[in-house]
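Below is one structure, written out as structure tokens; the observations come after it.
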Amino acid sequence: MRLFNKLIRILGIILYLISYHINVINCQQYVPMKRSFHTATLVGNKIYFLGGFTDFANYTNDFFTLDVSKSFNQSEGIPYEDLNYLSTGVPEHNRATTSVGGESKDTIFLFDGHMGNYTDYASEVVQSFSTSEKIWQTVTTNVGKEPMRRTSSNAATDSNGKAYLFGGAKELRPIQYYNVMNTFDTINKIWFSINFDGIASAPTPRDGYTATFIPETSSIIYIGGFGKSSDPFTTAGLINIGNLDIYDTINNNWRQQSTSDPPSSRVFHTAVLTKDRRIILFGGADYTTKHPADSYYEVLNVNTYEWYHSNKDTYLGAPYKGHTATLVDDYMFISFGFAYTKHGTARSDEILIYKIGENADFDLVESFERPIIDNHSHSSDTKITTIQIIAISFGTIGFVAFMVALFIVFRKYPKKKSDILFIE
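The sequence shown begins at 10 in my numbering and counts up one residue at a time.
Given below as structure tokens:
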């Protein structure tokens, strides 16, 4: 009986150690480095972050997610997941852009960006990531030719999975801006290009702009940026934010739209589209690109083309360039980027959460509140699930029980050890 009690105690200790080890694994918190000019892509209930500058490297392929499937409070930890083990084959880069497409609309396509020695064509570096299969792979083109890779463009994707990439810049001296619209059909893998040089209605070539697809009109609204015309006597500068360039994806043509009460022009800002057809701009740099624009939070009513201006001050450490903006329900996630402080410009490792109100109203909040949803569909995403824990526990119990039985047999029949059959 004493032996049995000792074995029970040993079993209890083993189960405790297993439980402790599982808790330690699940509680490990991935902490991303300070970064800027990365990408952030919302697919399902996760925001996928990729690449960018850090304080230690000009090009990275860092890959991690933020789980927005359920509520969380930042003071208790941000639910990041480290996916760096999946992105080892992705070229290190900054100032790229992404699009969500594919037949199931669950694949991230990586376009453009500065990738160090990769200086010519995108065919060497265009990658896609299947969020369902968790695999990065090189994109194979079926029709057309991949365009020259550029930096600081912004992909907009229509309802049919076609990505539109306008303009961008080439890192030459002086910097070269492009007036070309490249499209990529993410389902059929088809490239198509239209050069708008010499067309009167064409917009000024630019980079550092925002591109927002409006589903109801199948149009893309381009706001801000930095660029210049092909006229050799003109100099590069900020694009007028009061007159918007709008691209009709059905007829493949441009038009200009004037707006009322526009904010100051800017570059390297971000934009998100709300359900009630407002485009929210966040941040932006002035003409020097080294200082923030005179306002951080501006809102365009797409129905009336009227600008709303906020009377609230943003957080002192809010980024003004190199950040990303992601809208989830009524919350806008402003992630990383360059913040302008009293000590100068510095990269941030923060994610700021803004609760979106009416017109240009907003509140900086600590918590993200998500309606309660069925957790069964997300249980398989956890690092160690309940089923795994039960399997480990029962497996351990079974192993210990087997060892106990074996020990008892040896104790009871010490002279008949040779009769015991061992299977090798």
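Where a beta carbon is used, it is the ideal one built from N, C-alpha and C, also for glycine. Quick caveat: nothing in here was measured; it's all calculated off a predicted structure.
Requested in this report: Determine the direct distance from the alpha carbon of D64 to that of G353, and round the result to whole angstroms.
Outcome: Position 344 of the sequence shown, counted from the first residue, corresponds to residue 353. Position 55 of the sequence shown, counted from the first residue, corresponds to residue 64. So the alpha carbons of these two residues sit roughly 15 angstroms apart.
Query raised in the report: Hey, out of Y256, P183 and A280, whose CA is closest to P212's CA?
Result: Within the sequence shown, the letter at position 203 stands for residue 212. The shortest Cα separation from P212 among Y256, P183 and A280 belongs to Y256.
Report task. Consult DSSP for N35 and reduce its assignment to one of helix, strand or coil. Result -> The residue you call residue 35 lines up with position 26 of the sequence shown. Confidence at N35 is low in this model, with a pLDDT of 49, below 50, so its placement is unreliable and the value that follows should be read with caution. Reduced to three states, the DSSP call for N35 is helix.
Report task. Kindly indicate which three-state DSSP category N312 falls into: helix, strand or coil? Result -> Indexing the sequence shown from 1 puts residue 312 at position 303. Three-state result, N312: coil.
Report task. Tell me whether H102 is buried or exposed, calling it buried when 16 or more other Cβ atoms sit within 10 Å of its Cβ. Result -> In the sequence shown, counting from the first residue as 1, residue 102 sits at position 93. Looking at its Cβ environment, which holds 16 or more other Cβ atoms inside 10 Å, H102 is buried.
Requested in this report: Would you check if there are 3 or more beta carbon pairs closer than 8 angstroms linking the segment 138 to 147 to the segment 164 to 181?
Outcome: no
Report task. Decide yes or no for the touch test of the segment 68 to 86 against the segment 369 to 377: beta carbon pairs closer than 8 angstroms, at least 3 of them. Result -> Enough Cβ pairs lie closer than 8 angstroms, so yes.
Requested in this report: Have a look at F58 and V148 and give me their C-alpha separation to the nearest angstrom.
Outcome: Counted from its first residue, the sequence shown places residue 58 at position 49. Counted from its first residue, the sequence shown places residue 148 at position 139. Their backbone Cα atoms lie some 19 angstroms apart in a straight line.
Query raised in the report: If you check the beta carbons only, do M341 and V281 fall under 8 angstroms apart?
Result: As a first step, residue 341 is located in the sequence shown; it is residue number 332 there, counting from the start. As a first step, residue 281 is located in the sequence shown; it is residue number 272 there, counting from the start. Contact: yes.
Report task. In the DSSP assignment, find the unbroken beta strand (DSSP E) run with E90 in it and report its ends. Result -> As a position in the sequence shown, residue 90 is number 81, starting the count at 1. Where E90 is concerned, the enclosing beta strand (DSSP E) stretches over Y89 to D91.
Query raised in the report: Looking at C-beta atoms only, is the number of pairs between the segment 312 to 322 and the segment 354 to 364 that lie closer than 8 angstroms three or more?
Result: no
Query raised in the report: Straight-line CA distance for L253 to N310?
Result: For the purposes of this step, residue 253 is identified with residue 244 of the sequence shown, where counting begins at 1. For the purposes of this step, residue 310 is identified with residue 301 of the sequence shown, where counting begins at 1. When rounded, the distance between both Cα atoms is 13 angstroms.
Query - Simplified DSSP state of E307, which is helix, strand or coil - result: Here residue 307 refers to the residue found at position 298 of the sequence shown. Strand, per DSSP.
Requested in this report: Take the Cβ of P301 as the centre, count every other Cβ of all protein chains shown within 10 Å, and call the residue buried at 16 or more, exposed below.
Outcome: In the sequence shown, counting from the first residue as 1, residue 301 sits at position 292. So P301 counts as buried.
Query raised in the report: Where T106 and I365 are concerned, what is the direct C-alpha to C-alpha distance, given to the nearest angstrom?
Result: As a first step, residue 106 is located in the sequence shown; it is residue number 97 there, counting from the start. As a first step, residue 365 is located in the sequence shown; it is residue number 356 there, counting from the start. Roughly 25 angstroms separates the two Cα atoms.
**Report entry** I208 and G170 closer than 8 angstroms at C-beta
**Finding:** The count along the sequence shown starts at 1 and reaches residue 208 at position 199. The count along the sequence shown starts at 1 and reaches residue 170 at position 161. Going by C-beta atoms, I208 is not nearer than 8 angstroms to G170.
Query - Inter-stretch contact at 8 angstroms, needing at least 3 Cβ pairs: the segment 286 to 299 / the segment 258 to 278 - result: yes
Query raised in the report: Counting only runs that start and end within the segment 95 to 139, where is the beta strand (DSSP E) found for 3 or more residues in a row?
Result: 106 to 110, 116 to 120 and 136 to 139
**Report entry** Inter-residue Cα distance where the pair is S273 and I288
**Finding:** Your numbering for residue 273 matches position 264 in the sequence shown. Your numbering for residue 288 matches position 279 in the sequence shown. Approximately 16 angstroms, taken between the alpha carbons.
**Report entry** Alpha carbon of K43 to alpha carbon of N260, nearest angstrom
**Finding:** To locate residue 43, count along the sequence shown from 1; it is residue 34. To locate residue 260, count along the sequence shown from 1; it is residue 251. So the alpha carbons of these two residues sit roughly 42 angstroms apart.
Query raised in the report: Taking Cβ to Cβ, would you say T166 is nearer than 8 angstroms to S84?
Result: Counted from its first residue, the sequence shown places residue 166 at position 157. Counted from its first residue, the sequence shown places residue 84 at position 75. No.
Report task. Give the single residue among T244, M190 and T283 whose Cα lies nearest to the Cα of I223. Result -> In the sequence shown, counting from the first residue as 1, residue 223 sits at position 214. The shortest CA-to-CA distance from I223 to any of T244, M190 and T283 is the one to T283.
Query - Rounded C-alpha distance that separates N437 from S228 - result: Any answer about residue 437 is impossible in this case: the structure gives the chain only from 10 up to 433.
Query raised in the report: Can you tell me the Cα-Cα spacing of T160 and R104, whole angstroms?
Result: The residue given as residue 160 occupies position 151 in the sequence shown. The residue given as residue 104 occupies position 95 in the sequence shown. Using only the alpha carbons, I get a separation of about 6 angstroms.
Query raised in the report: Any C-beta of chain D sitting closer than 8 angstroms to the C-beta of S344?
Result: The displayed structure is made up of one protein chain only, and chain D is not part of it.
Requested in this report: Pull up the DSSP beta-bridge partners for Q83, would you.
Outcome: The residue labelled residue 83 in the question sits at position 74 within the sequence shown. Answer is none; Q83 lacks a bridge partner.
Query - Opposing strand residues paired with I445 [DSSP bridges] - result: With the chain running from 10 to 433 in the structure shown, residue 445 is simply not present.
Report task. Compute the minimum distance between the beta carbon of S113 and the heavy atoms of the ligand COA, and state whether it is under 7 angstroms. Result -> For the ligand COA, the structure offers nothing, since it holds no ligand at all.
Query raised in the report: With a CB to CB cut of under 7 angstroms and the five nearest residues on each side skipped, what residues in its chain are close to R215?
Result: Against the sequence shown, residue 215 aligns to sequence position 206. Same-chain partners within the cutoff: G176, Y186, G234, F235, G236 and I248.
Query raised in the report: What is the rounded straight-line gap between the Cα of W263 and the Cα of F205?
Result: Locating residue 263 in the sequence shown gives position 254, counting from the first residue. Locating residue 205 in the sequence shown gives position 196, counting from the first residue. Computed Cα separation, rounded: 10 angstroms.
Requested in this report: Note down the Cα distance separating S238 from S267, rounded to an integer number of angstroms.
Outcome: Locating residue 238 in the sequence shown gives position 229, where the first residue counts as 1. Locating residue 267 in the sequence shown gives position 258, where the first residue counts as 1. Taking the straight line joining both Cα atoms gives about 20 angstroms.
Report task. Just mark T116 as buried or exposed, buried being the case when its beta carbon has 16 or more other beta carbons within 10 Å. Result -> Residue numbering aside, residue 116 sits at position 107 when the sequence shown is read from its first letter. By the neighbour-count rule (16 or more Cβ atoms within 10 Å), T116 is buried.
Query raised in the report: So L75 and Y89 are in contact, right, with Cβ under 8 angstroms, and what is the actual spacing, rounded?
Result: The residue you call residue 75 lines up with position 66 of the sequence shown. The residue you call residue 89 lines up with position 80 of the sequence shown. Yes, L75 and Y89 are in contact; Cβ-Cβ is about 6 angstroms, under 8 angstroms.
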